[in-house]
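Protein sequence lines correspond, in order, to chains A and B.
Following our numbering, the numbering of the first sequence begins with 1 at its first residue and continues without gaps.
Following our numbering, the numbering of the second sequence begins with 1001 at its first residue and continues without gaps.
Note that beta-carbon positions come from the ideal geometry of N, C-alpha and C, so glycine has one too.
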Amino acid sequence: MKKLLVALATGLTFCVSAQAAEPLIVYSAGPKPLSSALAKGFEAETGIAVELFQSSAGKIMARYQSEKANPHADMMISAAWSHAITLDAADELLAYTSPNAKKVPSALKTKTYVAQGAAALAIAYNTKSGLPLPHKWADLAKAAYQDQVTMPDPSSSGSALSLLQGLVTKDQKSTWAMFADLKSNGIIVPGANKAALTPVLQGSRGVVFGAVDYIVFGSKAKGESIDVIYPTDGTVLAPRPIMIMKSTPHAAAAKAFVDYILSDKGQALVASRFLLPARTDIKAKRPGYNDLSIIEFDQLKAAHSATATKQKFAKLMAQ
Amino acid sequence: MVLSFVSAFLLIIIVGLPVAAIAAYAVFPHFNTLSFAEPFAKIWPSLNDPRLVGATLQALALSASVTLGTVLLATPFGYLRARITTIDGKIWDALFLIPFLIPPYVGSLAWMQVLQRNGFLEQLLGFNLEKFLFSFAGLTTVMTLHLFPLVYFSSSRAFAMIGSRYGDVAKVFGGRSLSIFARIELPLALPAIFSSALIVFVLTIEEFGTPEILGRRFGFEVIVTAIHDKFTNWPIDLSGASVLCLILIGVAFVAFQLHTRMAARFNISVETSAQPMSSGQASNGHRLIVWATFASLAIVSVMGPVASITISAFMITISGGVTWENMGFRNFAEIFSTGSDAFQAIGTSLTLAALAAILTGLMALIIAFSVVRLQSRGTAFLDFLSILPNAIPGMAVAVGLILTWNLPFWPVTPYNTVGILLMAYLCLMLPYPIRMVTVALRQLPTSLDDAAYISGANEWIVIKNILAPILLPVSLAAGFIVFAVSTRELVSSLMLAPPGVETVATFVFRQFDQGSINVAMAMSLLVVLVSGSIIALGQKMQGSHKP
């Protein structure tokens, strides 16, 4: 019984201590070292404390949705542009255009959300696999890559869905034909991004179709035998939206944080994680806007047919 | 009657409210904004998914085979465990707790590393078992090897409680060993076996990590996969996910009823202070055979995944493969280069796990007492309520907890403090001690209680001075399981951790998320070692306290 009381007392102490300060609460997906560095830098510059809830893109959305009766998040930084589209359509985002967003390409900003940075979707290959280097997406359907290709599942990976949408928008017929060929060539679709990359790092498979490039660059920097190829027929960007929630009581602080993330300092931190900075005038530590041939497509329009696209893909792969 | 009230109160606060919140969310799609608009709007659209029928049938098939597998594998070992010397037994008990210390998610990845094409097995011995691993049989095997200890622990305790007295009597009258086992000892132990089998069944139905990692590779979908899609994949549909959780609650209800019927047929209490099963007459050869049998199970179920985790924890690069040049301490260095994060994570997890183990143990005693002894109205419902957290996915429990404790009208709430993690662990872990203690209590005759009541004791004193000491070994066994499972709890920590708080699971997840599998494996290994030693220490202390 004594232990029970001690535990309860500890619990109460936790409750009380949490209500003391009024920091900016940010829910963030993606690399934690980046969000921590941004939070620290902002705190040093403005004196405003930032509290981070760091999880996956799906989980920060789920937490935000569950908390609606009594919201806590002032801002969210997601890994999935589609989440921002949904929240914007539901009118839950605060409009803000940062003065620092001038050099952000128009595809990466709207009235209510702006990209922190972006990843590009690419082919990742194990350099020890001895496979020929692919040049186009469709090369991976060739016999040389039989039973060697993995791909993140568009129904669990937002970036893989973007790639699929981009390729389908560009050329519907040949894209679906290519996926049918990939399927008969033994492609596996083992889950979200990590699940597709891991077997390639481990040498169980050779190539990822649609890897998130900055994670691969990170692995390469750690000495892994892995590298990135951008297919010549174009790639798709997966931007990471910064959103201010309409329910926030700390709008001024939130806007200041957006400004900081888009400042020279903030963007340099983004670049240091091998992400493509949102601003075109900041030097990337990886192929930049001028080195990539980007397939432009209307994300909003694609979002309407997303379910059908995902289902068509799933059906093709289940055969 | 105070006790029944206390039990009901505890269960309703800890388990009832979050589960009710999920049910409410299933019915009212805008319950998260505290609005009751459009009731039932989500139910049909969520259920009208052609994949669901197949997913439900496959989930049932998987759970049934894993349950059968664990019972067939664990019961003989539980029986042998009760007959071997305490010292040998303690070693095996400690070893068989290890699978619990490994999150199923990490365990499946570990098996994958070993068995897949170009995996550790192929690098070392030249062949792989990829085809087997990514099949129904492989999935069942991996889950069975992970869950069999649950049945092992409760059946070995049950066989020990039965003791050798009944067997000795039968032997005097000429009974043969096999028929003594089949006609006396096994039937007496069945309630405990059924009860742990029920937990295995609901845990398998609810398990996400293993079917996700292994099942996806051969297109095997279960209900939880569908629920998880709605929980985390765009467009997120929490209300729809809650509807699907109702299916799981239904399945758990049927399983629970079935279990109650079966257990009722074998509900016999045994005399206390039973003679321990003796190992006196066992020859050295016999002992060696028993030892070899235990060792071979331990090698497959414990050493397999642990070796895989250890190898990758020491691999400098993932793509470097299993070679001496590729071994080093870089991953461990990286863990501790994160500053205090890793220490904080381990500290938080161990503290929460210890608190959860102690509190659930105490609560289980009180709740089991009300359910078994007081049998007041509604106890069957309480009993059912107590297994629900095991039947619904951790993600749903987390959503239920947020819906409950984030409501604006609570004067004090654990939400957004570490307290909510403790609430989550209590909710998720309570089923283990409740099941184990309830069964043990059912087998205890009421004669001791009656004697105490006649001498003027009240219920508290009966629990404190009589039942608690007798049930201590069972409570401790359950406590260790709770401790082990809590140290690596993943899903609810990822959803509920207040900003800035790390647990082991969130730390490990973050490494996986950024593709640093080996750092994640190194952290998992550290935790297995740290919490494993704590458990071993606890078991040793338990031994020295025995009269």
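Residues of the region 75 to 87 of chain A with a C-beta less than 7 Å from any C-beta of chain B: Ala80, Ser82, His83 and Thr86, listed in chain order.
Per the DSSP secondary-structure output, Ala238 of chain A pairs in a beta bridge with A:Ala119.
For the 7 Å CB-CB criterion, Thr1067 of chain B and Ala1197 of chain B form a contact. With its beta carbon less than 7 Å from one in chain B, Glu67 of chain A belongs to the interface. Annotated as distal: Phe1031 of chain B and Ala1037 of chain B, with beta-carbon spacing of 7 Å or more. Assignment of beta strand (DSSP E) within the region 18 to 97 of chain A, counting only whole runs of 3 or more residues, yields 24 to 29, 50 to 55 and 75 to 77 in chain order.
Rounded to the nearest whole angstrom, the C-alpha separation of Arg1330 of chain B and Met1315 of chain B is 8 Å.
Under the Cβ criterion of 7 Å, Ile1470 of chain B is not counted among the residues facing chain A.
With respect to chain B, the C-beta atom of Gln148 of chain A has no partner C-beta closer than 7 Å. Here the alpha carbon of Gln116 of chain A sits roughly 13 Å from the alpha carbon of Ser272 of chain A. At the C-beta level, Ala1440 of chain B and Leu1471 of chain B come within 7 Å of one another. Selection A:Ala122, A:Ala221, A:Leu262 and A:Pro241 evaluated against Asp291 of chain A yields A:Ala122 as nearest (Cα-Cα). If you draw a straight line from the Cα of Pro1149 of chain B to the Cα of Arg1435 of chain B, it is about 14 Å long. Listed by position along chain A, the residues whose Cβ is nearer than 9 Å to that of Asp1229 of chain B are Ser155 and Ser156.
In this structure, the alpha-carbon of Val1302 of chain B lies about 7 Å from that of Phe1096 of chain B. Rounded to whole angstroms, the gap between the alpha carbons of Ala107 of chain A and Pro239 of chain A is 9 Å. A contact is defined here as three or more CB-CB pairs under 8 Å, and the region 1235 to 1244 of chain B fails this definition with respect to the region 163 to 173 of chain A. If the five residues before and after Phe1040 of chain B are omitted, its C-beta is found closer than 7 Å to the C-beta atoms of Val1027, all from its own chain and listed in chain order.
Residue burial is scored here from C-beta neighbours: His135 of chain A has fewer than 16 other C-beta atoms within 10 angstroms and is therefore classed as exposed.
Secondary structure note for Asp233 of chain A: it is in no alpha helix (DSSP H), with a DSSP letter that is neither H nor E.
Taking a C-beta distance under 7 Å as the contact criterion, Arg63 of chain A and Met1423 of chain B do not qualify as a contact pair.
Look at Pro31 of chain A: its C-beta is under 7 Å from a C-beta on chain B. For Phe209 of chain A, no alpha helix (DSSP H) encloses it; the enclosing beta strand (DSSP E) starts and ends at Val207 to Val212.
Using a Cβ-Cβ cut-off of 8 Å, Val1399 of chain B is close to Ala62 and Ser66 of chain A, given in chain order.
In chain order, Gly1515 make up the part of chain B whose C-beta sits under 7 Å from the C-beta of Leu197 of chain A. Nearest Cα to Thr232 of chain A within the set A:Val270, A:Ile187, A:Ile294 and A:Thr280: A:Ile294. By the neighbour-count criterion, in which a residue is buried when 16 or more other Cβ atoms sit within 10 angstroms of its Cβ, Asn1406 of chain B is buried. In chain order, Pro105, Leu276 and Thr280 place their CB closer than 8 Å to the CB of Tyr289 of chain A, counting only its own chain and leaving out the 5 sequence neighbours on each side.
Secondary-structure assignment with DSSP links Ala124 of chain A through a beta bridge to A:Val208 and A:Val228. Between Leu1003 of chain B and Glu1459 of chain B the beta-carbon gap is near 5 Å, inside 8 Å, which marks them as a contact. For Ser1319 of chain B, the residues of chain A that pass the 9 Å Cβ criterion are Asn126, Thr127, Lys128, Val200, Leu201, Gln202, Gly203, Ser219, Gly223, Glu224, Ser225 and Ile226, in the order they occur in the chain. Within the same chain, Cβ atoms closer than 8 Å to the Cβ of Ala49 of chain A are found at Ala21, Pro23, Leu24 and Glu43, the five residues on either side in sequence being excluded. Val236 of chain A has its alpha-carbon roughly 11 Å from the corresponding atom of Gln299 of chain A. Scanning chain A for C-beta atoms nearer than 8 Å to the C-beta of Ile1402 of chain B yields Arg63, Ser66 and Glu67, reported in chain order. Pairing Gly223 of chain A with Thr1317 of chain B gives a Cβ-Cβ distance under 7 Å. Between Met243 of chain A and Ala84 of chain A, the gap from beta carbon to beta carbon is short of 7 Å.
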